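*Asks:*
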């Protein structure tokens, strides 16, 4: 089986299930076809909410300054290292000078500053705008060094820097921030990740090809030649495509995992993600304006039973919105 791009971990402990085809592929060797339930929202992370789109942006098309390690702690990536000032109001990031955009231009600290400034501008509409509120300023002291200034001392490395990919200033600086959602770049991007954009067939597929020049210091070239994200919204069609060899990978509902595991032509893989499933109260309206009612309902919910009945065991009960496996979880 081919090796796939690194997987993302999302908010709240849960297990995701993937179906992987074991049949011989009915396409050129080195191509992996991944089934998506919907068309990718955009190739521009500044305006993207769709989860799969964000994963492809972070791990295939672009790179991030840092990545989560196995314990969900930020680890160096494009930023090969960093140093806090004594008062923890300044963070200096040292970048990998080997990284280049797929049009041949080098990726530099100026791209990082452009990306952060655009994301911090409310007009852009970056979904995680508030996560960057602590950053007072970003500057490039040279092509491989970025300095972030914070309004107050910071307790930890900003997790959003593991989520927001670096974007090409020379391609997007001319786009008005308020018009970023309509930029032509969003459907024909120039990246700097292990896969470069080839083409998009709206409503059908996105095609990416391996960048043979991707730096060894960042993991080196991908082991597959092409990555195709095919839009397949019908579960039975996904399963048929896997069995026939037309698809290689597809996400499935946890409740379908046991049935899928009985088919010798597919393999079920599960892995931890962070994704919240829960009940949210509106404390502005009765009866949930009463904390005693909210507490009573919370205590009455059988989380373990929900995990087994609705998620087929592919989850971990949590007492709140933070996963027990998250490094920031208490106790």
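Numbering (mature numbering (1 follows the signal peptide of the UniProt record, and there is no 0)), first residue to last: -28 to -1, 1 to 303.
For glycine and all other residues, C-beta sits at the position ideal for the given N, C-alpha and C.
Computed from a prediction, not measured in an experiment: that's the story for all the values here.
#1: Could you give the distance in angstroms between the alpha-carbon of residue 281 and the alpha-carbon of residue 102?
#2: Entirely within the region 229 to 257 and at least 4 residues each: give me those alpha helix (DSSP H) ranges in chain order.
#3: Report, in whole angstroms, the separation of the C-beta atoms of residue 86 and residue 151, which I expect to be a contact under 8 Å.
#4: CA-CA distance, residue 123 and residue 140?
#5: Would you mind sorting residue 76 into buried or exposed? The rule is 16 or more other CB atoms within 10 Å of its CB.
#6: Under the three-state reduction of DSSP, which class applies to residue 10: helix, strand or coil?
#7: Which of the three DSSP states, helix, strand or coil, is assigned to residue 296?
#8: Do residue 147 and residue 84 have their CB atoms nearer than 7 Å?
#9: Report the residue ranges of all beta strand (DSSP E) runs contained in full by the region 4 to 89; include only those spanning at least 3 residues, in chain order.
#10: Would you call the region 201 to 213 and the region 3 to 10 in contact, with 3 or more CB pairs under 8 Å?
#11: List, from N- to C-terminal side, the alpha helix (DSSP H) runs of 4 residues or more that fit wholly inside the region 79 to 163.
#12: Mind checking residue 16: buried by the 16 CB within 10 Å criterion, or exposed?
#13: Can you give the Cα-Cα distance for residue -6 and residue 219, rounded to whole angstroms?
#14: Would you kindly work out how many angstroms separate the C-alpha atoms of residue 106 and residue 149, rounded to a whole number?
#15: Quick one: what does DSSP say residue 185 is sitting in, helix, strand or coil?
#16: Measure the alpha-carbon distance for residue 391 versus residue 237 and round it to whole angstroms.
#17: Starting from the C-beta of residue -3, find all residues in its chain whose C-beta is less than 8 Å away, skip the five residues before and the five after it, and write them out in chain order.
#18: Excluding the five sequence neighbours on either side, which residues of its own chain have a C-beta within less than 7 Å of the C-beta of residue 306, listed in chain order?
#19: Decide if residue 273 is buried, meaning its Cβ has at least 16 other Cβ atoms within 10 Å, or exposed.
#20: Residue 256 and residue 293: beta carbons closer than 7 Å?
#21: Does the region 178 to 185 come within contact of the region 94 to 101, defined as at least 3 CB pairs closer than 8 Å?
#22: Since residue 171 sits in a beta bridge, which residues does DSSP pair it with?
#23: Would you kindly work out how many angstroms separate the C-alpha atoms of residue 3 and residue 223, rounded to a whole number?
#24: Closest by CA to residue 66, which one among 82, 278 and 59?
#25: Within the continuous beta strand (DSSP E) that includes residue 330, where are the two ends?
#26: Contact check, residue 167 vs residue 185 under 8 Å by CB: the rounded distance?
#27: For residue 58, is the classification buried or exposed, using 16 other Cβ atoms within 10 angstroms of its Cβ as the cut-off for buried?
#28: For residue 35 and residue 133, I'd like the C-alpha separation in whole angstroms.
*Replies:* In terms of the structure at hand:
#1: One Cα belongs to residue 281, the other to residue 102, and the distance between them is close to 36 Å.
#2: Listed in chain order, the complete alpha helix (DSSP H) runs (minimum 4 residues) inside the region 229 to 257 are 229 to 233.
#3: Rounded, the Cβ-Cβ distance is 16 Å, inconsistent with contact.
#4: When the Cα atoms are used, residue 123 and residue 140 turn out to be separated by approximately 27 Å.
#5: By the 10 Å Cβ count, residue 76 comes out exposed.
#6: Correct three-state label for residue 10: coil.
#7: Reduced to three states, the DSSP call for residue 296 is coil.
#8: No, they are not a contact pair.
#9: The qualifying runs are 38 to 40, 46 to 48, 51 to 56 and 62 to 67.
#10: By the Cβ criterion, the region 201 to 213 is in contact with the region 3 to 10, since at least three pairs of Cβ atoms, one from each stretch, lie closer than 8 Å.
#11: Listed in chain order, the complete alpha helix (DSSP H) runs (minimum 4 residues) inside the region 79 to 163 are 81 to 92 and 141 to 144.
#12: It is buried - the Cβ of residue 16 has at least 16 other Cβ atoms within 10 Å.
#13: With a pLDDT of 47 at residue -6, under the threshold of 50, the modelled position of this residue cannot be trusted, and the question is left open.
#14: Distance between the alpha carbons of residue 106 and residue 149: 20 Å.
#15: Coil at residue 185, not helix or strand.
#16: Residue 391 lies beyond the range of the chain shown here (-28 to 303); nothing can be said about it.
#17: Residue placement at residue -3 is poorly supported in this model, since its pLDDT is 47, which falls under 50; the coordinates still yield a value, given next. Within the same chain, residue -3 has close Cβ partners 216, 217 and 218.
#18: With the chain covering -28 to 303 only, the question about residue 306 has no answer from this structure.
#19: Answer is exposed; the Cβ neighbour count stays below 16.
#20: Here residue 256 is not near residue 293, since their CB atoms are 7 Å or more apart.
#21: Segments in contact, no.
#22: Partner(s): 179.
#23: Residue 3 and residue 223 have their C-alpha atoms spaced approximately 18 Å apart.
#24: Ranking 82, 278 and 59 by Cα distance to residue 66 puts 82 first.
#25: The chain is shown from -28 up to 303; residue 330 falls before or after that span and cannot be answered.
#26: So it is not a contact: roughly 12 Å between Cβ atoms.
#27: Looking at its Cβ environment, which holds fewer than 16 other Cβ atoms inside 10 Å, residue 58 is exposed.
#28: For residue 35 and residue 133, the distance between alpha carbons rounds to 10 Å.
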